[in-house]
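In this note's numbering, the protein residues as written are 1 to 361.
Beneath this line is the structure, given in structure tokens, with notes to follow.
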């Protein structure tokens, strides 16, 4: 699978920009703020129908416009697909494949898989559980459409249950029949998601550990523990036990939307007891394992997006990545950097074809 070209209209700081891409390595160089990362984010949009960084589509519209358009052409198994993503203020987002509009974005996700490595990934270690669930869900959803659709249904039901709890509070009334219906749906969807996450992590963790050893050149024991309330008790029992609290807060306080991943190094928390270098190795290994897993499950190599890694990583870790590129581990790679000279020096070592694009905005 390859991305052959890309055109951006009113997407962030790109009013009208277009590129034709190399099949192997493509590097965007320019000053900070020139829009290099925005190009990678546009590729992420074409793959997953949303930004890697922003939850609201409208924030990606250029401030002098009312819409943005992203166009890209993928080739996969000798099949050519023109993907167009349109976002306009006040209108639903649309994604088309060869002029055919998707009724459900979930039907598109997984067709053109991507893995994004960004300096903002430190949030996986330093921030709350939301970012770790997002990472987990992104990895599974790109190869398991049933999981994705179940997750969408679960989130919709959580929203409906919370609205019902709010109605109970405002009206000083209680409808156990409707609440029980939502509880049953949450148990149904939540149990599936819980099971799929467990199965995924059982296979994923050994792959992650393999990459950590390779990237860090060390023998430190790293691990990922799946923390879920569903490990403790039956979900329906927990929903019933938490009802009093939920009615007060108007929020569903238990469920797989509270799941977390505990990252450990030599048995201790990575967040609390690891160096910056160890954290960088941990994060890169997470993403490379995600790449490897998607490759095995889908039977094709995802596109790899590497944002500002030459500047943020030390020479040792850059060399480890370049070694993987040289061995053909990856297929098509997109990179951003502030230094053209540094990029050329590093990319020459890959023995791969590469293109460098100067970004000036």
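All C-beta atoms in this analysis are idealised placements derived from N, C-alpha and C, irrespective of residue type, glycine included.
These numbers come from a predicted model, not from an experiment.
- Between residue 10 and residue 68, the C-beta gap is smaller than 7 Å, which places the two residues in contact.
- Relative to residue 97, the option among 91, 203, 89, 107 whose CA is nearest is 107.
- When DSSP reads this structure, residue 14 sits in a beta bridge with 11.
- For the pair residue 304 and residue 330, the CB atoms are nearer than the 7 Å cut-off.
- In this structure, residue 14 places its C-beta atom within 7 Å of the C-beta atom of residue 35.
- For the pair residue 84 and residue 93, the CB atoms are not nearer than the 7 Å cut-off.
- The stretch 107 to 126 and the stretch 287 to 296 touch, with no fewer than 3 CB-CB distances between them shorter than 8 Å.
- Beta-bridge pairing by DSSP links residue 81 to 74.
- Sorting 164, 217, 323, 313 by C-alpha distance to the C-alpha of residue 252 places 164 at the top.
- In the structure shown, residue 130 falls within a helical segment according to DSSP collapsed to helix, strand and coil.
- Per DSSP, residue 192 is one residue of the alpha helix (DSSP H) stretching across 176 to 216.
- With a contact defined as Cβ atoms closer than 8 Å, residue 207 and residue 293 qualify at about 6 Å.
- For the options 319, 360, 340, 334, the alpha carbon positioned closest to that of residue 349 is the one of 319.
- Taking 7 Å as the cut-off, the Cβ atoms of residue 256 and residue 204 do not count as close.
- Shown here, residue 52 sits in coil according to DSSP, grouped into three states, outside any helix or strand.
- In this chain, residue 329 is not harboured by any alpha helix (DSSP H), its DSSP state being neither H nor E.
- The alpha carbon of residue 360 has as its nearest neighbour, out of 338, 22, 298, 149, the alpha carbon of 338.
- Taking a contact as a CB-CB distance under 8 Å, the pair residue 261 and residue 227 counts as one, their CB atoms being some 7 Å apart.
- Apart from sequence neighbours up to five positions away, the residues of its chain that approach residue 266 with a beta-carbon distance below 7 Å are 220, 221, ordered along the chain.
- A Cβ-Cβ separation of about 5 Å places residue 333 in contact with residue 25 under the 8 Å criterion.
- For residue 305, the enclosing beta strand (DSSP E) stretches over residues 303 to 307.
- For residue 240, the uninterrupted alpha helix (DSSP H) run begins and ends at 235 to 241, by DSSP.
- A direct Cα-to-Cα measurement between residue 172 and residue 166 gives close to 10 Å.
- When secondary structure is reduced to three states using DSSP, residue 337 falls in the strand class.
- For a cut-off of 8 Å, the C-beta gap from residue 317 to residue 271 is around 20 Å, too long to register as a contact.
- Cβ neighbours of residue 6 within its own chain (closer than 6 Å, five residues either side excluded): 19, 72.
- Scanning the stretch 100 to 145 from its first residue to its last, the whole beta strand (DSSP E) runs of 3-plus residues come out as 114 to 117.
- If you ignore the 5 residues before and after residue 75, its C-beta comes within less than 8 Å of the C-beta of 1, 2, 4, 81, all in its own chain and listed in chain order.
- Secondary structure at residue 69: strand, using DSSP grouped into helix, strand and coil.
- Pairing residue 250 with residue 196, the inter-Cα distance amounts to about 28 Å.
- Here residue 91 is exposed, its C-beta having fewer than 16 other C-beta atoms within 10 Å.
- Between residue 124 and residue 133, the gap from beta carbon to beta carbon reaches 7 Å or more.
- Between residue 326 and residue 351 the beta-carbon gap is near 6 Å, inside 8 Å, which marks them as a contact.
- A straight line joining the alpha-carbon of residue 99 with that of residue 295 spans about 28 Å.
- Between the alpha carbons of residue 240 and residue 154 lies a gap of roughly 18 Å.
- A straight-line Cα-Cα distance of about 12 Å links residue 56 and residue 49.
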